[in-house]
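Contents: one structure, followed by commentary.
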Amino acid sequence: MFANDARPKARFSMWLHFHGRMLTADRLSKWGLAVDPICSLCTAYLETRDHLFMECHFIKLVCNKVLKWAQRKPATTATWDQYLRWVIMNGKGKTQAAGLFRMMLAECVHVVWLERNQRVFEDKSRTSDSIAREIVYMKILIKTTLSQKASNVLDDEY
Ligand SMILES: [Zn+2]
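Position one of the sequence shown corresponds to residue 245 (my numbering), numbered consecutively onward.
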């Protein structure tokens, strides 16, 4: 699942996400740090791993826009296990669609986490549209770069 064409930073963010290592407010609170426990993206619920990627209205807006662009159905998961099954169902295998899904997921996790950090540490925020456009743009950019690399390899071979 972590072998995909997303940027290395995005793959690392996805690894942290699936291993429960992101420094969400609930984890920081358990370590005794005084942090705002409320999700900075929706400002309505406690910030936990499960909230961010299964419940947060703001992240759903972003992800559903990206999924629509990729002609994929949005996730309808209520538990972490269901979420993992949805990820595996869409991202497992060597098909182009599975590869695109893995790249898209990694970029979504990464860009949304950057947005969360900007809101927490810099008091800056963007709209869900702006974030979704960045993710789609990143995918197009990566895909174009990969196509160029592939064509360069072909040029070198012939
Ligand atoms: Zn939220």
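In this text, a Cβ means the ideal position worked out from N, Cα and C, and glycines have one as well.
Whether residue i touches residue j by CB criterion (8 Å)
| i | j | result |
| --- | --- | --- |
| alanine 350 | arginine 255 | yes |
| serine 406 | histidine 354 | Nothing about residue 406 can be reported from this structure: the residues present for the chain run from 245 to 402 only. |
| aspartate 249 | glycine 337 | no |
| valine 310 | cysteine 352 | yes |
| threonine 268 | methionine 298 | no |
| serine 372 | phenylalanine 302 | yes |
| valine 380 | valine 306 | no |
| phenylalanine 345 | arginine 316 | yes |
| asparagine 334 | proline 318 | no |
| tryptophan 324 | aspartate 294 | yes |
For residue j and residue i, believed in contact at Cβ under 8 Å, the rounded distance
| i | j | result |
| --- | --- | --- |
| arginine 363 | leucine 285 | 7 Å |
| aspartate 270 | threonine 292 | 5 Å |
Distance cut-off 7 Å: residue i Cβ against heavy atoms of ligand 1
| i | result |
| --- | --- |
| cysteine 300 | yes |
| alanine 322 | no |
| tyrosine 289 | yes |
| histidine 261 | no |
| cysteine 283 | yes |
| cysteine 286 | yes |
Assigned secondary structure, residue i (DSSP; H/G/I helix, E/B strand, else coil)
| i | result |
| --- | --- |
| leucine 411 | Since the displayed the chain opens at 245 and closes at 402, residue 411 lies outside it and no answer follows. |
| asparagine 396 | For asparagine 396, the predicted structure reports a pLDDT of 49, less than 50, and the residue's modelled location is therefore unreliable. The matter cannot be settled from this model. |
| arginine 329 | helix |
| lysine 336 | coil |
Residue i CB to nearest heavy atom of ligand 2 below 7 Å
| i | result |
| --- | --- |
| cysteine 352 | Questions concerning ligand 2 fall outside what the structure shown contains, since the ligands it does hold are ligand 1. |
Completely contained alpha helix (DSSP H) runs for the stretch 259 to 327, where each covers 4 or more residues: 269 to 274, 301 to 313
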